[in-house]
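In the numbering used here, the protein residues as written are 16 to 233.
We put the beta carbon where it would ideally sit given N, CA and C, even for glycine.
Since this is a predicted model, take the numbers as computed values, not measurements.
Here is the structure we will look at.
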Amino acid sequence: MAQDTFAAPGSTTRTRVRRIPEKAVQDRGTLHAILDAGLVAHLAVVEDGQPFVVPVGYARDGERVLIHGSSGSRLFRDLATGTPTCFTVTLLDGLVLARSAFESSMNYRGVMVLGRCVELTGQEKDDALRTISDHLLPGRWDDIRPPSRKELAATCVLALPLDEASVKVSAGGPDDAEEDLFRPTWAGHVPLREVAGDPVPASDNRDPLPDYVLGWRQ
Ligand SMILES: Cc1cc2nc3c(=O)[nH]c(=O)nc-3n(C[C@H](O)[C@H](O)[C@H](O)COP(=O)(O)OP(=O)(O)OC[C@H]3O[C@@H](n4cnc5c(N)ncnc54)[C@H](O)[C@@H]3O)c2cc1C
16 MAQDTFAAPG
26 STTRTRVRRI
36 PEKAVQDRGT
46 LHAILDAGLV
56 AHLAVVEDGQ
66 PFVVPVGYAR
76 DGERVLIHGS
86 SGSRLFRDLA
96 TGTPTCFTVT
106 LLDGLVLARS
116 AFESSMNYRG
126 VMVLGRCVEL
136 TGQEKDDALR
146 TISDHLLPGR
156 WDDIRPPSRK
166 ELAATCVLAL
176 PLDEASVKVS
186 AGGPDDAEED
196 LFRPTWAGHV
206 PLREVAGDPV
216 PASDNRDPLP
226 DYVLGWRQ
């Protein structure tokens, strides 16, 4: 489906950014870019009034996100029935060091998606598992043994549409109060980024390091 057939991020009552609304981003391209840059999401469900938030790997597939987990997991069993959820991805970009505690903060790119998941089956399920693998480590799926029927049965794959989402982005340096500007305190921001370390072979590994692992996130 074309991108412009979907609502702009933050355009529903539930997703309109009210707190510091100038940090809200309405552009779906930014929504996609943040989801494509992240590796870990947090998924929430409320059970008997108690919220549970679980970190998961994910991938964006067009106008939906895909997640997978154990068919036996409480979270996945619940989500597969269409229980409402909240899905967030946070990319931490830096620490903002203001001259006061109150103005000190973080730089980030954040996405929040509200909605209900649908369970994928058959070919769609197989394709989704490849998509998730390709997002986390491109090239890996073609190198590994595909899941057996038993493993597929033990895996639940869900899709969450991106039709009710919000995007909030915080960037740049501190915004100190006028009266703090002459304090003898360093002010600025410290960028943070995620980098891959050197790959460590398994003790029973006999194979050369593939380029797609060596080049990942470099
Ligand atoms: C790494 C990081 C650290 C943060 N640290 C703090 C902190 O210490 N204290 C603090 O008060 N806030 C912090 N925030 C901001 C926080 O996420 C909220 O935006 C803020 O607390 C306002 O929440 P609210 O529910 O009152 O916002 P509202 O503006 O009332 O929320 C309305 C709607 O806006 C959208 N929205 C709100 N926040 C976000 C978001 N972050 N990403 C995407 N959509 C959003 C949602 O759809 C939400 O339903 C941090 C954010 C990030 C990403």
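### Query
Is it right to say Met16 is buried, meaning 16 or more other beta carbons lie within 10 angstroms of its own, or is it exposed?
Taking the sequence shown and counting its residues from 1, the one referred to as residue 16 is at position 1. With a pLDDT of 47 at Met16, under the threshold of 50, the predicted position of this residue should be treated as unreliable, and no value is reported.
### Query
Leaving out five residues before and five after Arg29 in sequence, what residues of the same chain have Cβ atoms less than 8 Å from its Cβ?
Against the sequence shown, residue 29 aligns to sequence position 14. For Arg29, where only same-chain residues beyond five positions count, the Cβ hits under 8 Å are Leu129, Glu179.
### Task
Check whether the Cβ atoms of Glu37 and Pro176 sit closer than 9 Å, and answer yes or no.
As a working mapping, residue 37 is identified with position 22 in the sequence shown. As a working mapping, residue 176 is identified with position 161 in the sequence shown. Cβ atoms of Glu37 and Pro176: not closer than 9 Å.
### Reduced DSSP secondary structure (H/G/I, E/B, other) of Ile35
For this step, residue 35 is matched to residue 20 along the sequence shown. Three-state result, Ile35: coil.
### Query
Going straight from the alpha carbon of Trp156 to that of Val228, what length do you get?
As a first step, residue 156 is located in the sequence shown; it is residue number 141 there, counting from the start. As a first step, residue 228 is located in the sequence shown; it is residue number 213 there, counting from the start. One C-alpha to the other measures close to 12 Å.
### Query
If you pair each beta-carbon of the region 185 to 193 with each one of the region 108 to 116, do three or more pairs fall below 8 Å?
yes
### Task
Can you have a look at Asp213 and say buried or exposed, based on whether 16 or more other CB atoms are within 10 angstroms of its CB?
In the sequence shown, counting from the first residue as 1, residue 213 sits at position 198. Exposed, because fewer than 16 other Cβ atoms sit within 10 Å of the Cβ of Asp213.
### Message
Buried or exposed for Asn122, going by 16 or more other Cβ atoms inside 10 Å?
### Response
For the purposes of this step, residue 122 is taken as residue 107 along the sequence shown, with counting starting at 1. Asn122 is buried by the Cβ-count criterion.
#### Entry: Sequence-distant residues of the same chain with beta carbon closer than 8 Å to Ala168, five excluded per side
In the sequence shown, the residue the question calls residue 168 occupies position 153. Only Ser86 meet the Cβ criterion.
#### Entry: Three CB pairs or more closer than 8 Å across the region 84 to 104 and the region 52 to 72
yes
#### Entry: Close-in-space but distant-in-sequence residues of the same chain around Cys101 (CB under 7 Å, 5 per side omitted)
Against the sequence shown, residue 101 aligns to sequence position 86. Counting only Cβ-Cβ distances below 7 Å, and skipping sequence neighbours, we find Ala59, Met127, Leu129.
### Query
Since Gln138 is in the alpha helix (DSSP H), which residue starts that stretch and which ends it?
For the purposes of this step, residue 138 is taken as residue 123 along the sequence shown, with counting starting at 1. Unbroken alpha helix (DSSP H) run through Gln138: 137 to 151.
### Query
What number of angstroms, rounded off, separates the C-alpha of Gly230 from the C-alpha of Leu224?
On the sequence shown, residue 230 is found 215 positions in, with the first residue counted as 1. On the sequence shown, residue 224 is found 209 positions in, with the first residue counted as 1. Looking at the two C-alpha atoms, the distance is approximately 10 Å.
#### Entry: Residue from Glu118, Val55, Asp226, Asp42 whose Cα sits closest to the Cα of Asp195
On the sequence shown, residue 195 is found 180 positions in, with the first residue counted as 1. Of the candidates Glu118, Val55, Asp226, Asp42, the one whose C-alpha sits nearest the C-alpha of Asp195 is Glu118.
### Query
Among all the DSSP beta bridges, which residues are the ones paired with Arg232?
Taking the first residue of the sequence shown as position 1, residue 232 is located at position 217. DSSP, once it has assigned bridges, lists no residue as partnering Arg232.
### Message
Could you compute how far the alpha carbon of Asp158 sits from the alpha carbon of His204?
### Response
Sequence index remark: in the sequence shown, residue 158 carries index 143 (1-based). Sequence index remark: in the sequence shown, residue 204 carries index 189 (1-based). If I take the Cα positions, the gap works out to 41 Å.
### Task
Go through its chain and collect everything with a Cβ distance to Ser148's Cβ below 7 Å, but skip five positions before and after it.
The count along the sequence shown starts at 1 and reaches residue 148 at position 133. Arg155, Trp156.
### Cutoff 9 Å: Gln41 Cβ touching any chain B Cβ
Of the chains in the structure shown, none is chain B; there is only one protein chain.
### Message
Using C-beta distances below 8 Å, list every residue in its chain close to Leu46, excluding the 5 sequence neighbours before and after it, in chain order.
### Response
Position 31 of the sequence shown, counting from 1, holds the residue named residue 46. If we look at Leu46 and ignore the five residues flanking it on each side, its Cβ neighbours are Pro24, Val40, Val126, Leu177, Ala180, Val182.
### Message
Within a Cβ cutoff of 6 Å, which residues of the same chain sit near Thr98, ignoring the five residues on either side of it in sequence?
### Response
The residue you call residue 98 lines up with position 83 of the sequence shown. Closer than 6 Å at Cβ, skipping near neighbours: Val60.
### Query
How many whole angstroms separate the CB atoms of Leu81 and Ala174, which I take to be in contact at a CB cut-off of 8 Å?
The residue labelled residue 81 in the question sits at position 66 within the sequence shown. The residue labelled residue 174 in the question sits at position 159 within the sequence shown. Right, the Cβ-Cβ distance comes to about 6 Å (below 8 Å), so this counts as a contact.
#### Entry: Which of helix, strand or coil DSSP assigns to Glu193
Translated into the one-based positions of the sequence shown, residue 193 becomes position 178. Three-state result, Glu193: helix.
### Message
By DSSP's criteria, Val68 is part of a beta bridge. Which residues make up the other side?
### Response
Taking the sequence shown and counting its residues from 1, one reaches residue 68 at position 53. Partner(s): Ala59.
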